[in-house]
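In the working numbering, the protein residues as written are 33 to 445.
Every residue gets a Cβ at the ideal spot worked out from N, C-alpha and C, and that includes glycine.
Here is the structure we will look at.
Spelled out as structure tokens, the structure:
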């Protein structure tokens with residue numbers, strides 16, 4: 033017996049203009065336009081539907097988003113699409129804390145409104161204080177306001193405006209500054225995001241304890257980010273990568289310079305069930321067309337500390353000035369390997385090695401690498417793991433501590 037199947041393919045159809053249901057306080061026209069911009073890119077595909085859903089979800093004010101297609105084409109030969117949303121609370125308050133030896137405690141408070149003017153505009157205000165518990169005169173503080181406007185001038189993407197006031201009293205420099213940036217951000221896909229726009233900075237800076245001197249800089253930010261990881265605070269698989277370059281000009285001395293920085297992290301699920309994870313991270317930085325002493329200290333490269341090379345004091349790795357204080361450099365290299373093992377339901381243990389170097393030339397010297405190694409514990413909560421890491425410097429530095437202890441929410445990277 034022979035069986036023969038005959039099929040007649042239907043017409044290749046694009047998406048109809050979407051309709052929106054479920055909005056109460058958010059403007060449904062905004063939701064329609066965001067989805068329509070993605071759906072209009074081509075004919076029907078499940079991937080395009082998924083990307084449109086991700087774009088609407090990224091607006092922020094929705095607890096749930098789904099896209100449903102019709103069973104038949106409309107009169108124009110297009111496939112109907114309904115965007116169903118469910119709004120969530122627009123106002124939110126968050127707080128976080130961290131601790132690092134030789135740097136003290138840090139506290140952060142944030143308030144945000146996810147639908148400020150009815151069009152999914154996001155306003156976020158953050159207050160942070162660090163180096164708490166040490167000399168009050170060396171306490172750091174910052175206040176930052178970030179405003180996100182979807183579809184600026186009708187274009188796909190988001191205008192991100194940020195204004196910050198910063199006070200820093202570090203072992204590497206003192207700094208009081210106002211910063212401003214206005215970036216056009218565009219999600220190219222669920223994994224790729226790019227951003228570009230001007231940045232301005234004006235303030236005063238100096239080596240620690242020295243009289244502050246004024247400076248003013250302007251730059252043009254170019255950023256690209258890739259993220260295929262499966263979790264923000266507890267990734268088990270995937271890759272995160274970023275590249276950042278900022279052509280800049282110093283009005284103080286007329287210097288033009290170009291800071292470059294790239295970083296990547298990879299996560300491997302060795303056990304297949306998320307209980308044994310190998311994480312790796314690397315970073316490179318270079319200052320083009322200028323020496324380190326030609327740019328403000330806050331824009332130089334530093335290494336050491338909880339987000340860099342554990343076991344060494346914050347920003348302690350690299351060149352030092354005449355007073356043996358960290359002076360920052362023109363280049364950076366960092367690498368890290370960490371093994372994370374889940375123990376039972378709520379606990380875990382980690383073992384890690386970090387390495388990093390800062391140089392005075394455009395490329396960091398690998399023979400100046402400083403290496404730290406250590407162990408840590410994790411307590412897993414519904415909002416992410418709480419970490420506690422103890423690290424030792426394998427090459428002691430003058431003026432640096434004998435160990436580093438770090439506590440915070442989420443993994444080190």
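Any contact between the segment 421–437 and the segment 309–329? By contact I mean 3 or more CB pairs, one from each, below 8 Å.
no
State the CB to CB distance for the pair residue 162 and residue 169, rounded to an integer number of angstroms; the pair is presumed to be in contact (CB under 8 Å).
Not confirmed; about 14 Å, so no contact.
Residue 123 burial status per 10 Å Cβ neighbour count (16 or more: buried):
exposed
State the DSSP-derived secondary structure class of residue 257, mapped to helix, strand or coil.
strand
Please give me, in chain order, every unbroken run of the alpha helix (DSSP H) with length at least 4 that falls completely inside the segment 331–369.
none
Alpha carbon to alpha carbon, how far is residue 515 from residue 240?
Coverage of the chain is limited to positions 33 through 445, which leaves residue 515 absent and any answer about it impossible.
Per DSSP, the bridge partner or partners of residue 227
Its beta-bridge partners are 217 and 255.
For residue 70, which beta-bridge partners are listed by DSSP?
DSSP output for residue 70 lists no bridge partner at all.
Going by beta carbon distance, what residues of the same chain come within less than 8 Å of residue 83, once the five residues before and after it are set aside?
Around residue 83: 70, 221 and 222.
Nearest by alpha-carbon distance to residue 182: which of 256, 176, 212 and 218 is it?
218
Residue interval of the alpha helix (DSSP H) (run including residue 80)
78–89
Within the continuous beta strand (DSSP E) that includes residue 434, where are the two ends?
Neither: residue 434 is in no beta strand (DSSP E) and is coded neither H nor E.
Buried or exposed for residue 47, going by 16 or more other Cβ atoms inside 10 Å?
buried
Residue closest to residue 100, alpha-carbon to alpha-carbon, out of 117, 402 and 225:
117
Quick check: the Cα distance between residue 202 and residue 334, rounded to an integer number of angstroms?
Spanning the two alpha carbons is a distance of roughly 12 Å.
Kindly indicate which residue of 59, 254, 110 and 345 has the alpha-carbon position closest to the one of residue 75.
Considering only alpha carbons, the answer is 110.
Helix or strand or just coil, what does DSSP make of residue 326?
helix
Going by the DSSP bridge assignment, what does residue 377 pair with across the sheet?
BP columns for residue 377 are empty, so no partner.
Using beta-carbon positions only, say whether residue 397 and residue 406 come within less than 7 Å of one another.
No, Cβ-Cβ distance for residue 397 and residue 406 is not below 7 Å.
Three-way DSSP call (helix, strand, coil) for residue 154 in this model:
Correct three-state label for residue 154: strand.
By DSSP, does residue 144 sit in helix, in strand, or in coil?
Annotated three-state conformation of residue 144 is strand, per DSSP.
Helix, strand or coil for residue 186, going by three-state DSSP, please let me know.
helix
To which residues of the same chain is residue 347 closer than 6 Å at the C-beta, ignoring the five residues directly before and after it?
Within the same chain, residue 347 has close Cβ partners 204, 334, 336 and 358.
Hey, how far is the Cα of residue 187 from the Cα of residue 279?
25 Å
Starting from residue 271 and walking both ways along the beta strand (DSSP E), at which residues does that stretch end?
First-last of the beta strand (DSSP E) with residue 271: 270–277.
So what's residue 169 in DSSP terms, helix, strand or just coil?
helix
Measuring CA to CA, which of 423, 97, 108 and 249 is closest to residue 114?
97
Okay, do the segment 225–235 and the segment 246–258 touch, 3+ Cβ pairs below 8 Å being the bar?
yes
Keeping to the same chain, check which residues put their C-beta closer than 6 Å to that of residue 146; ignore five residues upstream and five downstream.
92, 93, 122 and 154
Boundaries (first-last residue) of the beta strand (DSSP E) holding residue 289
287–301
Where residue 345 and residue 339 are concerned, what is the direct C-alpha to C-alpha distance, given to the nearest angstrom?
So the two alpha carbons sit approximately 11 Å from each other.
CB contact flag (residue 238, residue 206, <7 Å):
Yes, the pair counts as a contact, with Cβ atoms nearer than the cut-off.
Taking all protein chains shown into account, do 16 or more other C-beta atoms lie within 10 angstroms of the C-beta of residue 120, making it buried, or fewer, making it exposed?
exposed
Hey, how far is the Cα of residue 287 from the Cα of residue 234?
15 Å
Is it the case that the Cβ atoms of residue 266 and residue 416 are separated by a distance below 7 Å?
With respect to residue 416, residue 266 sits close: the two C-beta atoms are nearer than 7 Å.
Residues in its own chain within less than 6 Å of residue 351 by CB, not counting five upstream and five downstream?
359, 361 and 392
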